[in-house]
Amino acid sequence: MMIKVVSSAALPVTENLMIQKNRIEGAAEPCGKRVCIVTGTHGDELEGQYVCARLAKLLADGRQSLSGVVDIYPALNPLGIDSIIRGFPMFNLDMNRIFPGSASGSLAESTAYDIVKDIEGADICIDIHSSNIFLREIPQVRVNEQSEEALLPYALMLNVDLVWIHAAATVLESTLAYALNACGVKTLVVEMGVGMRITESYCEQLLAGIMNLLREIGMWRGAAGKVRSPEVSKDRSVGFVNSDAAGIFIPRVAHNSVVNAGDVIGSVLDPLTGMTVENAVAPCGGLVFTLREYPVVFGGSLLARIMGALQ
Amino acid sequence: MIKNVVYSIKSPYRRSMDIASYTFGSGEKTCCVVGALRGTEIQQMAVCAQLVDTLRRLEGKGRMAKDGSVTVIPCANYYSMNIGKRFWTMDNTDINRMFPGYNLGETTQRIADGLFNAVKGYTYGVHVTSFYLEGEFLPHAKIMRVGDAAEGAYDSLADFGLPYGLIRTPHPYDTTTLHYNWLVWGCKAFSLFTTYTERTGTRSTQAAVNAVLRFLAARGIIEHSLHKGSHTHIMQEEDMTHIHTASAGVVKNRVSVGHEVNEGDLLCEIIHPLEGYSVERITAPAAGTVFFSYNKQLVMERADVFKLVPF
Numbered sequence: 003m004m005i006k007v008v009s010s011a012a013l014p015v016t017e018n019l020m021i022q023k024n025r026i027e028g029a030a031e032p033c034g035k036r037v038c039i040v041t042g043t044h045g046d047e048l049e050g051q052y053v054c055a056r057l058a059k060l061l062a063d064g065r066q067s068l069s070g071v072v073d074i075y076p077a078l079n080p081l082g083i084d085s086i087i088r089g090f091p092m093f094n095l096d097m098n099r100i101f102p103g104s105a106s107g108s109l110a111e112s113t114a115y116d117i118v119k120d121i122e123g124a125d126i127c128i129d130i131h132s133s134n135i136f137l138r139e140i141p142q143v144r145v146n147e148q149s150e151e152a153l154l155p156y157a158l159m160l161n162v163d164l165v166w167i168h169a170a171a172t173v174l175e176s177t178l179a180y181a182l183n184a185c186g187v188k189t190l191v192v193e194m195g196v197g198m199r200i201t202e203s204y205c206e207q208l209l210a211g212i213m214n215l216l217r218e219i220g221m222w223r224g225a226a227g228k229v230r231s232p233e234v235s236k237d238r239s240v241g242f243v244n245s246d247a248a249g250i251f252i253p254r255v256a257h258n259s260v261v262n263a264g265d266v267i268g269s270v271l272d273p274l275t276g277m278t279v280e281n282a283v284a285p286c287g288g289l290v291f292t293l294r295e296y297p298v299v300f301g302g303s304l305l306a307r308i309m310g311a312l313q
Numbered sequence: 006m007i008k009n010v011v012y013s014i015k016s017p018y019r020r021s022m023d024i025a026s027y028t029f030g031s032g033e034k035t036c037c038v039v040g041a042l043r044g045t046e047i048q049q050m051a052v053c054a055q056l057v058d059t060l061r062r063l064e065g066k067g068r069m070a071k072d073g074s075v076t077v078i079p080c081a082n083y084y085s086m087n088i089g090k091r092f093w094t095m096d097n098t099d100i101n102r103m104f105p106g107y108n109l110g111e112t113t114q115r116i117a118d119g120l121f122n123a124v125k126g127y128t129y130g131v132h133v134t135s136f137y138l139e140g141e142f143l144p145h146a147k148i149m150r151v152g153d154a155a156e157g158a159y160d161s162l163a164d165f166g167l168p169y170g171l172i173r174t175p176h177p178y179d180t181t182t183l184h185y186n187w188l189v190w191g192c193k194a195f196s197l198f199t200t201y202t203e204r205t206g207t208r209s210t211q212a213a214v215n216a217v218l219r220f221l222a223a224r225g226i227i228e229h230s231l232h233k234g235s236h237t238h239i240m241q242e243e244d245m246t247h248i249h250t251a252s253a254g255v256v257k258n259r260v261s262v263g264h265e266v267n268e269g270d271l272l273c274e275i276i277h278p279l280e281g282y283s284v285e286r287i288t289a290p291a292a293g294t295v296f297f298s299y300n301k302q303l304v305m306e307r308a309d310v311f312k313l314v315p316f
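For the protein sequence lines, the chains are U and S, in the order given.
Count along the first sequence from 1, add 2, and you get the number used in my numbering.
Count along the second sequence from 1, add 5, and you get the number used in my numbering.
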């Protein structure tokens with residue numbers, strides 16, 4: 003175990019912003035490979051914290067079975083995690099919209115640059131996100147359709163429930179995953195759970211997937227359990243359920259359950275009058291992979307996402 | 006003057022947020038001016054409000070062209086303004102990172118969609134807005150280098166009569182702004198930046214109002230006697246000199262926006278926050294005009310503290 007500072011910059015009053023990583027070098031025969039596990043870009047997303055903690059201990063204890071190098075970056079936005087701030091404190095842009103950063107840019111931009119430079123040259127990177135505080139997600143890998151061919155085989159190794167292949171968007175060209183894929187690091191974005199919480203079962207599920215991936219690429223000779231086969235969104239529709247009314251949302255279906263088209267997903271109630279102001283229905287049958295966690299809703303708030311059947 | 010509500014959004018406990026537009030003249034949709042999309046853009050709202058007042062008086066005196074119209078939308082986010090928050094009241098998203106919007110999407114995507122439908126189809130668009138860096142700017146107009154609409158419009162920067170007109174090469178995170186999407190839809194769009202954001206100033210507010218009135222007069226849509234303003238130096242944004250801190254602490258500025266400096270002139274000092282001595286003296290790397298000045302007391306390492314327009 004070797005703790006390294008990837009980026010450091012002075013804060014106004016006697017402390018430094020530090021991005022740290024834990025480098026774990028395998029004691030088995032070297033294979034020349036490096037895998038990076040990154041998380042904590044958004045300060046309110048904590049699921050990755052537990053995955054990093056478990057993985058660091060597991061690999062440190064099992065170095066004899068590890069070949070190559072695993073770098074664990076548990077907090078790309080440590081000030082955000084410390085202060086429950088989603089963004090980079092005192093910076094008005096989402097940190098995951100400024101990659102690959104700039105050496106001569108502002109503090110956030112130069113920090114982003116340092117992170118990319120440190121990861122460059124790795125074989126694979128797994129970028130772990132939770133949802134925000136509003137939505138709960140089943141463990142899933144999200145892959146830009148442009149990267150599908152290169153990334154899907156690795157996504158299938160990660161023991162997630164879903165691989166969502168989504169359309170490309172120009173604005174996503176400024177994410178860490180896009181920047182790393184552009185420079186040859188195969189980077190998989192994992193989304194799971196909910197903001198500000200740790201869902202231990204999801205974390206253990208992903209941890210098993212990471213160990214399986216390390217085993218599949220020849221870096222881990224220890225045990226790795228059987229992994230599940232995820233649903234893949236290709237050739238399936240994704241139904242979005244948004245509220246039109248405002249009030250409090252009471253779900254009527256369970257997260258990760260299967261519904262039929264027309265089923266009531268949940269109700270929006272007006273606490274002042276007691277009236278049900280909206281019954282939100284499923285636009286298609288399928289798996290409820292996203293379900294609203296935070297009860298207060300405005301017009302437009304996302305309530306659920308449903309993965310439809312094969313088309 | 007015709008007042009309309011261009012979009013409404015519902016909240017659980019507040020009256021619906023109704024985005025108001027004010028239209029002057031009739032006929033062709035000549036120019037649309039949009040103000041605050043963020044809750045801290047008080048100056049931007051004030052500029053538009055003063056513009057509404059002036060255009061109402063001009064229309065009353067018959068000084069509007071018969072074959073054109075101007076629409077002003079002073080504020081599209083008073084929910085956040087009324088609680089002192091920059092971004093959206095519920096999920097902290099930025100309406101100006103949601104264009105062109107989506108009518109079945111999340112709340113701020115719906116607001117962006119409703120607003121964009123109302124402001125589409127104008128020949129010219131002016132967004133009175135603020136930058137993501139915190140500080141004071143010399144008032145200026147800006148256009149992004151996007152598509153055919155921008156190509157023919159660079160010279161029009163001079164019609165605002167402000168000292169500087171900037172041409173910006175867009176970053177991926179710019180692609181979801183109102184300005185960028187206006188240009189994509191064929192509108193000759195400009196962003197107008199005032200010195201302040203969270204406060205108004207009689208002179209700076211009036212300077213921005215006059216800039217818009219000059220622009221409208223140059224298009225022949227109003228008859229209004231105004232001095233011609235400044236000669237406009239049109240330049241590429243990347244030609245500006247960026248000055249960063251190499252240390253952190255309490256900043257004492259020695260110059261402010263508009264100052265002309267020579268190479269070697271002292272711009273600011275960074276003072277040790279606990280021991281009071283000077284830890285860094287930042288001097289001008291070349292002669293120029295101070296275009297941007299950081300205006301907080303505490304400063305981090307690698308912060309943008311000044312931008313200079315070289316002579």
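Built from N, CA and C at the ideal position, the CB exists for glycine as well.
Cβ of residue i within 9 Å of any chain S Cβ
| i | result |
| --- | --- |
| U/THR16 | yes |
| U/PRO273 | yes |
| U/ASN96 | First, the residue type needs correcting, since residue 96 of chain U is Asp and not Asn in the sequence shown. So, interface residue. |
| U/THR172 | yes |
| U/ILE100 | yes |
| U/ILE250 | yes |
| U/MET277 | no |
| U/SER303 | yes |
Nearest candidate by alpha-carbon position, reference residue i, set the options
| i | options | result |
| --- | --- | --- |
| S/GLU265 | S/LYS312, S/GLY73, S/THR182 and S/ILE172 | S/LYS312 |
| S/MET245 | S/VAL52, S/MET86, S/GLY126 and S/ASP309 | S/ASP309 |
| S/LYS66 | S/ARG91, S/MET6 and S/LYS90 | S/MET6 |
| S/THR113 | S/VAL151, S/PHE92 and S/GLY126 | S/PHE92 |
| S/PRO315 | S/ASP153, S/ALA292, S/GLN302 and S/PHE297 | S/ALA292 |
| U/VAL15 | S/PHE121, S/LEU279, S/VAL151 and S/GLY32 | S/LEU279 |
| S/ALA54 | S/THR76, S/SER298, S/THR35 and S/PHE296 | S/THR76 |
| U/VAL270 | U/CYS286, U/PHE300, U/ALA263 and U/SER259 | U/PHE300 |
| S/LEU197 | S/ARG259, S/PRO144, S/LEU138 and S/PRO17 | S/PRO144 |
| S/GLY130 | S/LYS90, S/ARG115, S/MET103 and S/VAL189 | S/VAL189 |
| U/MET194 | U/ASN161, U/LEU215 and U/GLN142 | U/GLN142 |
| U/PRO273 | S/ASP160, S/SER16 and S/LYS8 | S/SER16 |
| S/ASN300 | S/ASN267, S/ILE276, S/LYS257 and S/ALA212 | S/LYS257 |
| S/ALA4 | S/GLU242, S/PHE136 and S/CYS192 | The first residue shown for chain S is 6 and the last is 316, placing residue 4 of chain S beyond what the model contains. |
| S/SER235 | S/GLY73, S/THR94 and S/PHE165 | S/PHE165 |
| S/LEU171 | S/HIS238, S/SER21, S/TYR18 and S/LEU218 | S/HIS238 |
| S/VAL11 | S/GLU111, S/ARG219, S/ALA223 and S/SER26 | S/SER26 |
| S/LEU138 | S/LEU303, S/PHE297, S/GLU306 and S/GLN302 | S/PHE297 |
| S/PRO79 | S/GLY89, S/ASP58 and S/GLY73 | S/ASP58 |
| U/THR292 | U/ASN134, U/VAL118, U/PHE90 and U/SER85 | U/ASN134 |
| S/LYS125 | S/GLU141, S/GLU268, S/TYR185 and S/SER161 | S/TYR185 |
| S/ARG317 | S/THR128, S/LEU162 and S/SER252 | Within the shown structure, residues of chain S are numbered from 6 to 316, placing residue 317 of chain S beyond reach of any answer. |
Beta strand (DSSP E) segment containing residue i, residue limits
| i | result |
| --- | --- |
| U/ALA282 | 278-283 |
| S/PHE254 | Contrary to the premise, residue 254 of chain S reads as Gly rather than Phe in this sequence. Counting along the chain, the beta strand (DSSP E) containing S/GLY254 begins and ends at 254-258. |
| U/GLN207 | Careful: U/GLN207 lies outside any beta strand (DSSP E), inside the alpha helix (DSSP H) at 202-218. |
| S/GLU285 | 283-288 |
| U/ASN183 | Unbroken run through U/ASN183 is the alpha helix (DSSP H), 178-184; no beta strand (DSSP E). |
Proximity test, Cβ basis, 9 Å: residue i and chain U
| i | result |
| --- | --- |
| S/ILE239 | no |
| S/PRO315 | no |
| S/PRO177 | yes |
| S/TYR129 | no |
| S/GLY191 | no |
| S/ILE100 | no |
| S/GLY254 | yes |
Unbroken alpha helix (DSSP H) run spanning residue i, endpoints
| i | result |
| --- | --- |
| S/THR57 | Rather than Thr, the amino acid found at residue 57 of chain S in this sequence is Val. Taken as a continuous stretch (DSSP letters only), the alpha helix (DSSP H) holding S/VAL57 covers 47-65. |
| S/ALA154 | 152-156 |
| S/GLN114 | 112-124 |
| U/VAL118 | 109-121 |
| U/PRO80 | 80-85 |
| U/GLU139 | Note, U/GLU139: premise wrong, no alpha helix (DSSP H); beta strand (DSSP E) at 137-146. |
Short Cβ contact (9 Å threshold) for residue i with residue j
| i | j | result |
| --- | --- | --- |
| U/VAL243 | U/ILE140 | no |
| S/VAL52 | S/GLY40 | yes |
| U/ILE126 | U/VAL192 | no |
| U/PRO232 | U/LEU305 | no |
| S/ARG307 | U/SER85 | no |
Below-9 Å beta-carbon distance, residue i vs any chain B residue
| i | result |
| --- | --- |
| S/ARG150 | Judged by its chain identifiers, the structure shown contains no chain B, and its protein chains are U and S. |
Output the residue ranges of the alpha helix (DSSP H) runs that lie fully inside the region 163-237 of chain S and measure 4 residues or longer, sorted by chain position. Within the region 163-237 of chain S, the complete alpha helix (DSSP H) runs of at least 4 residues are 183-189 and 207-223.
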